[in-house]
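In my numbering, the protein residues as written are 321 to 818. Let me begin by presenting the structure, written as structure tokens, before commenting on it.
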Amino acid sequence: MKVSGTFDVVVSGGGPSGAAMAWALASRGIAVAVIERAEFPREKVCGDFVEPAGLRIIHRMGAAEALGLESRTAIDKVRAYYGPHIAYQNDVAYYGGEAGMPPHGHIIPRHDLDTALLENAVRAGAKVFQGTRVTEVRREKGLMHITTKNASGEGELVAPVVVGADGVQSVVAQHAGLRRDDKRHIGISQRVYLEGIEMDESEACIWFDEDHYPGYGWVFPAGNGMANAGMGMLSETTDKFDISLQQCFRESIERLKYRHPGCANATMSSKPLGGAVHMYGGITRNHFAGGILVGDAGGFVDPMTAEGITQGMESSIIGARTIADALEKGSFEEADFARFEHDFRAYFDYAMLYLSFYATMMRNRHFGDFFLSMTRQGFERAQHDREFARVSGTGFGGLNVQPAAIAAQLWSGIARHIATGGGAVLRDLMAGRGLPRDGFVGDWNLWQRGWRDSVRSDPAWHMAWLADIVRAVSKLGPSFASDQNPRVNGPFEQGTGL
Ligand SMILES: Cc1cc2nc3c(=O)[nH]c(=O)nc-3n(C[C@H](O)[C@H](O)[C@H](O)COP(=O)(O)OP(=O)(O)OC[C@H]3O[C@@H](n4cnc5c(N)ncnc54)[C@H](O)[C@@H]3O)c2cc1C
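What follows is the structure in structure tokens.
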């Protein structure tokens, strides 16, 4: 059947962002259609990890039961490898169960998750057309015309509002001239399903390797001896240093067998697949005359972890309010959708711009040894200092990120490092052993070497990177303006009226 008709809102894409948007609109009695090019259940390249904030939204939308969340294994522990060395193996210290969030995450394969969320939107009253692509979007006389294509041929939907929830290759973003291609903010990754796994099913595992910097790998237990494993890097780095992500990925999976005893007999049970994410650091305008962009189409992914399922749903729940207001006013000009930018920034900037500042600093591959040494020491400290793990650990996990508290902990750590390092220098010099090579002096040497190599190899890029850091710092005002991270209470507490 060709897909044609008239709605209040047409959502392009039925992933977590599109489904949450459709649910939020339909729950308000708005006539909404979702156009999804795949037939669900479909595969989506992902780590399948849903953090506590995402689970809270799923509960609130009423989809927890359909997903059988109660019977899924809770992930509340993590193991972090630096090369072959375990730097951290403990609980996720910042999963405190606050503000209605469960104290754990879940691995939910995307064919289950996305299918259940879309069915949930249908139950709320949304009309979903699967196996149908949006091929073109245009605006005529104040209305959006959305061309659709499926096996039966071309159709046309007409609505005052269109939402781009169609992922990184968004057709809607393309129409609006807002498709992003800045490789400084694009993560690329490969993932595969493994079988023959014998790991603690409540423990996620991540790893960092110097040849895969900046980036990280993961293996997430999926039950029944299966796991989701993958690795991601920054697109800018793989381009600039001519790195093959596929090769890094193959090496990572081989190393995993030696590195993690539970993966010694792992074999691939699916074809490795690649994917990309657009991270929040590159976010710009996400609204236009006649609509908005949410989820990956809008660049809402966490700049440190590259998680985007929760952020996509959050952006939709926030954006639905702007759309409801525009429909109520009956006005659909660009200015009517500008509220979305105000609202999503009020919600996300606090944590995301801070994480983006770290991601910007860590972008420079020449400083890989330095940052790996620093973060490894951070994990090691977190292993026995639970308050440090609870506060500073969020810089890696993206939940209740508290920039001022993290900065205070890091600076006191650095001061201690310098003081004990200075003591060691004096002691070794006085004992005639010369300068020590590790500890503070070692880190200082790594920093100097990184700086020298970066300047020598590409001075122009080095200067541009420094300018990016200055820009990132200049945006940190909201992150330090208060100690209340708006994301902690979730999007429903932002006056969304749901
Ligand atoms: C390898 C990898 C691992 C990841 N791991 C995690 C993780 O563990 N946890 C996490 O939170 N995030 C993770 N992410 C990020 C996460 O996958 C995305 O942020 C999330 O899927 C965004 O949801 P979305 O609904 O915005 O987009 P998508 O999930 O991409 O959904 C977009 C939908 O739009 C449809 N579509 C596209 N074009 C059209 C069109 N023209 N017409 C109609 N339909 C269209 C697609 O078929 C798709 O169903 C990972 C990403 C990658 C690449």
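Yeah, the Cβ is synthetic: ideal placement off N, Cα and C, and Gly gets one too.
If we ignore side chains and look at the alpha-carbon of each, how far apart do residue i and residue j end up?
i, j, result
"histidine 424", "arginine 776", "45 Å"
"arginine 504", "tyrosine 533", "14 Å"
"alanine 709", "alanine 413", "6 Å"
"arginine 453", "valine 808", "36 Å"
"histidine 580", "serine 391", "26 Å"
"methionine 682", "glycine 713", "16 Å"
"glycine 688", "serine 635", "32 Å"
"asparagine 765", "histidine 379", "50 Å"
"serine 732", "glycine 594", "40 Å"
"proline 592", "leucine 514", "10 Å"
"phenylalanine 569", "alanine 584", "17 Å"
"alanine 339", "isoleucine 612", "15 Å"
"alanine 308", "isoleucine 603", "No information on residue 308 is available, as it lies outside the stretch 321 to 818 that the chain covers here."
"aspartate 502", "serine 555", "9 Å"
"alanine 655", "alanine 609", "8 Å"
"glutamine 768", "histidine 686", "10 Å"
Taking 7 Å as the cut-off, is the CB of residue i close to at least one heavy atom of ligand 1?
i, result
"lysine 364", "yes"
"alanine 358", "yes"
"phenylalanine 369", "yes"
"isoleucine 355", "yes"
"glutamine 409", "no"
"proline 336", "yes"
"isoleucine 629", "yes"
"glutamine 729", "no"
"valine 486", "The residue asked about is misnamed: residue 486 is aspartate in this sequence, not valine. Yes - ligand 1 has a heavy atom lying nearer than 7 Å to the Cβ of aspartate 486."
"serine 774", "no"
"glycine 545", "no"
"aspartate 520", "no"
"valine 539", "no"
"serine 472", "no"
"aspartate 616", "yes"
List the endpoints of the continuous beta strand (DSSP E) containing residue i.
i, result
"arginine 453", "453-460"
"aspartate 411", "405-411"
"alanine 780", "Note, alanine 780: premise wrong, no beta strand (DSSP E); alpha helix (DSSP H) at 779-794."
"methionine 887", "The displayed coordinates of the chain run from 321 to 818. Any statement about residue 887 would go beyond what the structure contains."
"valine 442", "It is not in any beta strand (DSSP E) - valine 442 instead sits in the alpha helix (DSSP H) that spans 430-444."
With DSSP collapsed to three states, give me the class of residue i.
i, result
"arginine 392", "coil"
"valine 621", "strand"
"tyrosine 513", "strand"
"threonine 467", "strand"
"glutamate 530", "helix"
"serine 712", "helix"
"histidine 424", "coil"
"isoleucine 355", "strand"
"cysteine 366", "coil"
"arginine 399", "strand"
Which residue marks the beginning of the alpha helix (DSSP H) containing residue i, and which one marks its end?
i, result
"glycine 567", "The amino acid at residue 567 is misidentified as glycine; the sequence shows glutamine. Per DSSP, glutamine 567 belongs to the alpha helix (DSSP H) from 565-579."
"leucine 345", "336-346"
"serine 324", "Careful: serine 324 lies outside any alpha helix (DSSP H) and carries neither H nor E."
"histidine 495", "491-496"
"glutamate 661", "654-681"
Report the CB separation of residue i from residue j in whole angstroms; it is logged as a contact under 8 Å.
i, j, result
"threonine 680", "glycine 601", "7 Å"
"glycine 537", "methionine 551", "4 Å"
"methionine 633", "proline 336", "5 Å"
"valine 457", "valine 491", "6 Å"
"proline 623", "leucine 692", "At roughly 18 Å, the Cβ-Cβ gap does not stay under 8 Å, so proline 623 and leucine 692 are not in contact."
"valine 330", "isoleucine 466", "5 Å"
State yes or no: is the C-beta of residue i nearer than 7 Å to some heavy atom of ligand 3?
i, result
"leucine 730", "Among the ligands present in this structure, namely ligand 1, ligand 3 is not found."
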